[in-house]
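One structure is given below, encoded as structure tokens.
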Amino acid sequence: MTVNSSTPPKQLKVAIVGGGPGGLATAIALSKVPNVEVKLYEKAKLLREVGAGINIGPNTWNVLELLGVADTLTSGHPISAVLNVNGRTGEEIYKFERDISVKRPAIRTQRTKLQSTLLAHVAPGVIQLAKQLLEIIDKGDDGVVLGFADETKERADLVVGADGIRSVVRDCAWPDYEIKFTGTTIWRALLPRRALVDQDPRFDITGWWHLPNSHVYFSPVGEGLSEIAAREYQDPAVHGASKVVWGVPVTNEHVESHFKSYLPQIQRALQSIPQGSWREFAAFAGPELSSLTSWSHKIVLVGDSSHALSGAFGSGAGFAMEDGWVLAQTLSYFRNDLRKALSLFDEIRLPYYHRMYEHLDAMARGRRTRLEELEREGTDAEEERVRIKAIREGEDMDWIYRNDIGRVWEQIVSRLENVNGGKE
Ligand SMILES: Cc1cc2nc3c(=O)[nH]c(=O)nc-3n(C[C@H](O)[C@H](O)[C@H](O)COP(=O)(O)OP(=O)(O)OC[C@H]3O[C@@H](n4cnc5c(N)ncnc54)[C@H](O)[C@@H]3O)c2cc1C
Numbered sequence: 001m002t003v004n005s006s007t008p009p010k011q012l013k014v015a016i017v018g019g020g021p022g023g024l025a026t027a028i029a030l031s032k033v034p035n036v037e038v039k040l041y042e043k044a045k046l047l048r049e050v051g052a053g054i055n056i057g058p059n060t061w062n063v064l065e066l067l068g069v070a071d072t073l074t075s076g077h078p079i080s081a082v083l084n085v086n087g088r089t090g091e092e093i094y095k096f097e098r099d100i101s102v103k104r105p106a107i108r109t110q111r112t113k114l115q116s117t118l119l120a121h122v123a124p125g126v127i128q129l130a131k132q133l134l135e136i137i138d139k140g141d142d143g144v145v146l147g148f149a150d151e152t153k154e155r156a157d158l159v160v161g162a163d164g165i166r167s168v169v170r171d172c173a174w175p176d177y178e179i180k181f182t183g184t185t186i187w188r189a190l191l192p193r194r195a196l197v198d199q200d201p202r203f204d205i206t207g208w209w210h211l212p213n214s215h216v217y218f219s220p221v222g223e224g225l226s227e228i229a230a231r232e233y234q235d236p237a238v239h240g241a242s243k244v245v246w247g248v249p250v251t252n253e254h255v256e257s258h259f260k261s262y263l264p265q266i267q268r269a270l271q272s273i274p275q276g277s278w279r280e281f282a283a284f285a286g287p288e289l290s291s292l293t294s295w296s297h298k299i300v301l302v303g304d305s306s307h308a309l310s311g312a313f314g315s316g317a318g319f320a321m322e323d324g325w326v327l328a329q330t331l332s333y334f335r336n337d338l339r340k341a342l343s344l345f346d347e348i349r350l351p352y353y354h355r356m357y358e359h360l361d362a363m364a365r366g367r368r369t370r371l372e373e374l375e376r377e378g379t380d381a382e383e384e385r386v387r388i389k390a391i392r393e394g395e396d397m398d399w400i401y402r403n404d405i406g407r408v409w410e411q412i413v414s415r416l417e418n419v420n421g422g423k424e
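Written as structure tokens, this is what we have:
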């Protein structure tokens, strides 16, 4: 469905910066838009994912279907139950079961599997590796020029910043924007599934083992492998972190030292990771943007660069791919008119991200209030604080985990058609 279908779509040169899930999905979706020439610039010499596992829930499956790649993501572990346990006592706090008999059950898969699935659908010649963006120069009516570390330059009409939470595209167009260390450090590794089950059969169920300021997460990810993702929160006013700590190798001793209060089997599980496998990630976050586009519609942000929420909701790859897909629909609908398309993109995605920021603020406030109450009542024993951390009360989260971006787009189109009969 398009507007003004008598005129051919404008010719558009689009430069995507970043080859994570957001950039790859944007490349796939934009390649289907008439008269759009797409190039994707990735700084890595080899496209490889760091990290361990990733959740593919209904919202992410929906966008993978729309991108036409869902059927090729065949590796992963269906999540039939989710467990929350006290990491010091072993007490089960709560467990819920999931129906995995549906066509596409929620799975945990290896990040590399999602990446190779997307990569297989990007047209040859689109991706340029070893292209680290350093700067973007606004050329007025001639678009923009991207400058890379290898001293080459490329012209484009539109830059899509899919370069993650530490985005250089965002730094160029929003120079005052800052991300800060949240206080959370994450360590992630993969290991044979068997090695975990031998320690405790409950490590074979996707689950979190909590203490008040940390947790250890276990999940099978398919192909005989499991994942451990351990997190600890320390007051960021006291403990700093470098912006570059993202996927940095660390020693086993370093990781283990943060989890000495946990059950012996958890400590043994951490010890069973082969030396050299742990990667450390420092979580950064930044404030909400008031628009996802800048420089008179020559720059747009997708994925983590557009909402620096540091992996909150565990669905950021899904959000990034939704952004890429919906951006392509807006361009297609408005026949590559950047002003109209990007304004509509903003209209669709900004309120969604705003709701996430609001939700996280409300959750943090609620938890603080609850902890203060416990302290006043003198009932702030560790078990109670763990329970408050583990039990997520409040709003129904289907607006995230069951989001159907295709349906959202249909509703937008029907609203536009009703307002102007589909004409400009
Ligand atoms: C601990 C943790 C757990 C998570 N778990 C999940 C989960 O279960 N499910 C889920 O959906 N999401 C999860 N997420 C979130 C998810 O990883 C991110 O939201 C997602 O990767 C964002 O995709 P992106 O494409 O926007 O950015 P990224 O994946 O960060 O990709 C950015 C790309 O840009 C490249 N790049 C950066 N700078 C430049 C430059 N200057 N020039 C060229 N290229 C550049 C990078 O090399 C990289 O390839 C998790 C995140 C964390 C931290």
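Per UniProt numbering, residue 1 is the first one in the sequence shown, and the count goes up by one each step.
Cβ atoms here follow ideal geometry from the backbone N, Cα and C, with glycine treated the same way.
This structure is a prediction, so every number in the text was calculated from the model and none was measured.
{"Query": "Lys-340 beta carbon near ligand 1 (any heavy atom closer than 6 Å)", "Result": "no"}
{"Query": "Cβ-based neighbour list, Val-168, same chain, cut-off 6 Å, excluding 5 preceding and 5 following", "Result": "Leu-133"}
{"Query": "First and last residue of the uninterrupted alpha helix (DSSP H) at Phe-345", "Result": "338-377"}
{"Query": "Euclidean distance between Cα positions of Ser-290 and Leu-350", "Result": "8 Å"}
{"Query": "Leu-67 vs Ile-93 beta-carbon contact at 7 Å", "Result": "no"}
{"Query": "Between the CA atoms of Glu-417 and Gly-406 - distance to the nearest angstrom", "Result": "16 Å"}
{"Query": "Buried or exposed by the 16-neighbour rule on C-beta atoms within 10 Å, applied to Phe-96", "Result": "exposed"}
{"Query": "With 16 other Cβ atoms within 10 Å as the buried cut-off, status of Pro-220", "Result": "buried"}
{"Query": "Buried versus exposed call for Gln-11 [16 or more other C-beta atoms within 10 Å across all chains shown]", "Result": "exposed"}
{"Query": "Exposure of Asn-84, with buried meaning 16 or more beta-carbon neighbours within 10 Å", "Result": "buried"}
{"Query": "Close beta carbons around Ile-16, own chain, < 6 Å, minus the five adjacent residues each side", "Result": "Gly-23, Thr-26, Ala-27, Leu-40, Val-160, Ala-162"}
{"Query": "Runs of alpha helix (DSSP H) wholly within the region 258-318 (minimum 4 residues, chain order)", "Result": "264-271"}
{"Query": "Leu-47, DSSP secondary structure in three states", "Result": "coil"}
{"Query": "Three CB pairs or more closer than 8 Å across the region 104-119 and the region 31-45", "Result": "no"}
{"Query": "Gln-128 beta carbon near ligand 2 (any heavy atom closer than 6 Å)", "Result": "Among the ligands modelled here, namely ligand 1, ligand 2 does not occur."}
{"Query": "Bounding residues of the alpha helix (DSSP H) (the contiguous stretch that carries Ser-116)", "Result": "111-119"}
{"Query": "Ile-400 to Pro-175 span [Cα, whole Å]", "Result": "30 Å"}
{"Query": "Residue closest to Lys-180, alpha-carbon to alpha-carbon, out of Ala-282, Glu-154, Ala-81, Ser-101", "Result": "Ala-282"}
{"Query": "Assigned secondary structure, Tyr-177 (DSSP; H/G/I helix, E/B strand, else coil)", "Result": "coil"}
{"Query": "Distance, Glu-410 Cα to Pro-249 Cα", "Result": "45 Å"}
{"Query": "Leu-133 beta carbon near ligand 1 (any heavy atom closer than 6 Å)", "Result": "yes"}
{"Query": "The region 353-368 / the region 309-322 touching (three or more Cβ pairs under 8 Å)", "Result": "yes"}
{"Query": "Straight-line Cα distance separating Met-397 from His-77", "Result": "22 Å"}
{"Query": "Whether Val-216 touches Ile-266 by CB criterion (7 Å)", "Result": "yes"}
{"Query": "Close beta carbons around Ala-317, own chain, < 7 Å, minus the five adjacent residues each side", "Result": "Pro-21, Ile-54, Thr-60, Leu-114"}
{"Query": "Distance CB(residue 434)-CB(Gly-57) smaller than 7 Å", "Result": "Any property of residue 434 remains undetermined from this structure, which presents the chain solely from 1 to 424."}
{"Query": "Helix, strand or coil at Ile-400 [DSSP, three-state]", "Result": "helix"}
{"Query": "CB contact flag (Leu-331, Ala-341, <7 Å)", "Result": "yes"}
{"Query": "Close-in-space but distant-in-sequence residues of the same chain around Asp-171 (CB under 8 Å, 5 per side omitted)", "Result": "Tyr-177"}
{"Query": "C-beta contact flag for Gly-286 and Tyr-233 at 7 Å", "Result": "no"}
{"Query": "Residue closest to Asn-86, alpha-carbon to alpha-carbon, out of Ser-257, Ser-343, Glu-384", "Result": "Glu-384"}
{"Query": "CA nearest to the CA of residue 428, picked from Asp-346, Arg-335, Leu-47", "Result": "Any answer about residue 428 is impossible in this case: the structure gives the chain only from 1 up to 424."}
{"Query": "Reference residue 467, options Glu-382, Gln-275, Val-102, closest by Cα", "Result": "What is shown of the chain runs 1 to 424, which leaves residue 467 out entirely."}
{"Query": "Simplified DSSP state of Ser-414, which is helix, strand or coil", "Result": "helix"}
{"Query": "Bounding residues of the alpha helix (DSSP H) (the contiguous stretch that carries Gly-22)", "Result": "21-30"}
{"Query": "Distance between beta carbons of Leu-190 and Ala-52, contact taken as under 8 Å", "Result": "5 Å"}
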